[in-house]
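*Asks:*
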Amino acid sequence: MSTFSGINLSSRALAAAQRNMDVTGQNIANANTQGYTRQRVEQVSTVAAQGTWARKDVAGTGVEVTGITRIADALLDATMRADTAASAEQQATARIWNQIEASLGEPSATGLSTQLAAMHSSWANLGRTEGTEAAATARADVLARSKAVVDTLATLDAHLASQWSAADRQLDVLVEQANSTAAQVAGLNEAILKANATGTSPNELIDHREQALSRLAELTGARVTTRENGMVDVHVGNAAIVTGISAEKLSVSRAALADIKHDGAVTSLRIGQTGVLPVSGSLRATVDAVNTTIPRAALDLDATARRIGASVNAVYNPGGTAALDFFAMPISGRDYARGMVVRPDVTTTNFTDRSDATTVDRDIARRIGNLVSAEGGPTATWRAHVTNVASKVQSAEVRAEVAGQTAMKSAAARDSVSGVSIDEEMTNLVAYQHAYNAAARVLTTIDQALDTLINRTGLVGR
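Here it is, written out as structure tokens:
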């Protein structure tokens, strides 16, 4: 190595050490930045001078920085996205079931269990009542308690309908967020492609894209495929929402709650003309809530209402003539919770009388009162429904807890590879500082040698 080539070698060493300190500073500066992936300088030794007269006993020509690498593991990134999507789905599902349970209002003084108990108690009291005036009072109590049950059923149905409408509106919010995020991914794809083409570092752009991909996965359970040119394609269900620099849009194809409950209609998502069903994510949970969870809860409530009306009518009007029933059932044969009423022509003075005016159908009244404890009766049916919802809530919360812990572990595994350790970076900074000082010392030594060679050689004898 010649003296002057030593200057070039030292200059390269200084530049490499400086670049390492710059990247270390960038890592330290972003240690608490959400989504930042630590970076590392890639460098290689440069070979000795080549040529016809090159010698074998010379050193290389120094060091060369070949690039700055993001320290990321594609498998860990994909696992974290999948686990985040699963956690988002389970968390949303648990919230929906909690809302359904809260709407039941059980146990409470105004809950349906309390209203049913009061209604059956009023029938039992009517069965014990003697005398016309006392019977009229007891009948009035039966009517009031029965109407309270009907009103409670209608209120519960309205709560479920309101929850369904909220979930249906939430679809629009989530779809808009997904479309915005997909457009952001496509834009970052284009920026990364340009950065690679011009030779600039795309690392920060890739970090931003990874955050957007995580958000898109959280919403839709999106799958990501990386191209050789650095861009990514994103699929939701069986359709692409991002292809290179182009982004498609999700849309909602709606069905009404009544059609979903009774006719098998569904609300669906589309990308273009292709129907898609997210494999996980918040959108999957919300679509399931709109199509399955809430409609099924409403149907279970209808079944309870139908059981209440049918059990009372079967005792009150064993002949089965609808015009003589106590509870008037919906003619449509559906929406019992909302449509069942006490038959309008039933008053305190015209209860069906099959015994005599003084006993006021005591046997019929007592039998209706005893339905409160009947196996398979309305109270048992409602209790089973409430228990089933509570079980669903517990299961959903357990799944949400497990999925959340799994997502946290995936994030921790990713951070163990891609996250910034301040202790490690400070250690590296000291090492790079010493490398810089050493390179500067080599340059100073060569400078002193050149000074001796140029300014002091040949001075003997002068």
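Taking our numbering, I'd label the letters of the sequence shown as residues 1397 to 1858. Where a beta carbon is used, it is the ideal one built from N, C-alpha and C, also for glycine.
For residue 1822 and residue 1439, what's the separation of their Cα atoms in angstroms?
*Replies:* Distance between the alpha carbons of residue 1822 and residue 1439: 20 angstroms.
*Asks:* Output yes or no for whether 8 angstroms exceeds the beta carbon distance between residue 1815 and residue 1483.
*Replies:* The answer is no: Cβ separation not under 8 angstroms.
*Asks:* Going by C-alpha distance, which of 1496, 1722, 1585 is nearest residue 1783?
*Replies:* Ranking the options by Cα distance to residue 1783, first place goes to 1496.
*Asks:* Would you decide whether residue 1674 is buried or exposed? Buried here means 16 or more other CB atoms lie within 10 Å of its CB.
*Replies:* Buried: at least 16 other Cβ atoms inside 10 Å.
*Asks:* Can you name the residues that DSSP bridges to residue 1667?
*Replies:* Answer is 1646, 1670, bridged to residue 1667.
*Asks:* If we ignore side chains and look at the alpha-carbon of each, how far apart do residue 1543 and residue 1726 end up?
*Replies:* Rounded to whole angstroms, residue 1543 to residue 1726 spans 16 angstroms at the Cα level.
*Asks:* Return the first residue and the last residue of the alpha helix (DSSP H) that residue 1652 is part of.
*Replies:* Note, residue 1652: premise wrong, no alpha helix (DSSP H); not H, not E.
*Asks:* Quickly, what does DSSP pair residue 1629 with across the bridge? List them, please.
*Replies:* According to DSSP, which records beta bridges pairwise, residue 1629 is partnered with 1621, 1639.
*Asks:* Between which two residues does the beta strand (DSSP E) holding residue 1477 run?
*Replies:* Run containing residue 1477: none in the beta strand (DSSP E); it sits in the alpha helix (DSSP H), 1470–1500.
*Asks:* Do the CB positions of residue 1733 and residue 1549 come within less than 8 angstroms of each other?
*Replies:* Yes, these two residues count as a Cβ contact at 8 angstroms.
*Asks:* Are there three or more Cβ pairs, one per stretch, closer than 8 angstroms when the region 1462–1482 is compared with the region 1608–1627?
*Replies:* Yes, they touch.
*Asks:* Just to confirm the assignment, what range does the beta strand (DSSP E) spanning residue 1464 have?
*Replies:* Its beta strand (DSSP E) spans residues 1458–1466.
*Asks:* Please state the DSSP three-state secondary structure of residue 1799.
*Replies:* DSSP places residue 1799 in helix when its eight states are reduced to three.
*Asks:* If you draw a straight line from the C-alpha of residue 1546 to the C-alpha of residue 1621, how long is it?
*Replies:* Each residue's alpha carbon lies about 55 angstroms from the other.
*Asks:* List in chain order: all unbroken alpha helix (DSSP H) runs of 4+ residues lying wholly within the region 1516–1601.
*Replies:* DSSP runs (the alpha helix (DSSP H)) wholly in the region 1516–1601: 1528–1594.
*Asks:* Which value, in whole angstroms, describes the spacing of the CA atoms of residue 1613 and residue 1481?
*Replies:* Residue 1613 and residue 1481: Cα-Cα distance of roughly 5 angstroms.
*Asks:* Could you check where the alpha helix (DSSP H) with residue 1437 kicks off and where it finishes?
*Replies:* Residue 1437 -> not in any alpha helix (DSSP H); beta strand (DSSP E) instead, spanning 1435–1442.
*Asks:* Just the C-alpha distance for residue 1824 and residue 1409, rounded to the nearest angstrom, thanks.
*Replies:* If I take the Cα positions, the gap works out to 16 angstroms.
*Asks:* In this structure, does DSSP put residue 1400 in helix, strand or coil?
*Replies:* Here residue 1400 sits in helix by DSSP.
*Asks:* Terminal residues of the continuous alpha helix (DSSP H) containing residue 1682?
*Replies:* Counting along the chain, the alpha helix (DSSP H) containing residue 1682 begins and ends at 1678–1684.
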